[in-house]
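Quick note on our numbering: the sequence shown kicks off at 575 and runs consecutively. Below is one structure, written out as C-alpha cells; comments come after it.
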Amino acid sequence: MKLRFNSVDYVGNDRYVFNIRGNNYRLFAMIFFNKRTVFVRFIGTHAEYDKN
C-alpha cells in the first residue's frame with residue numbers, strides 16, 4: 575500500500591488513514607482486501623478528525 579500511496583498509515587484491524595493534499599485532510603477507511611471492499615469512515619480536515 576505504501577508503494578502506491580506514500581501518505582497512508584496502517585493503524586490496525588484493517589484500518590488505514592490517508593493524509594491528503596499536503597496533510598490538510600484525512601480519509602479514514604477500513605479496507606478488506608480479501609473481499610475487495612472499502613468502507614470510508616471519515617473524510618475531512620485534521621481538526622475535524624481530532625474532534626471525533
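Backbone N, C-alpha and C define an ideal beta-carbon position, used for all residues, glycine too.
Measuring CA to CA, which of the options is closest to residue i?
| i | options | result |
| --- | --- | --- |
| residue 619 | 595, 613, 580 | 595 |
Determine the direct distance from the alpha carbon of residue j to that of residue i, and round the result to whole angstroms.
| i | j | result |
| --- | --- | --- |
| residue 602 | residue 621 | 14 Å |
| residue 615 | residue 604 | 7 Å |
| residue 581 | residue 590 | 10 Å |
| residue 593 | residue 609 | 24 Å |
| residue 587 | residue 617 | 19 Å |
| residue 611 | residue 597 | 25 Å |
Compute the beta-carbon to beta-carbon distance between residue i and residue j, rounded to the nearest angstrom, for a pair I have assumed lies under 8 Å.
| i | j | result |
| --- | --- | --- |
| residue 600 | residue 584 | The pair is not a contact, with the Cβ atoms about 14 Å apart (cut-off 8 Å). |
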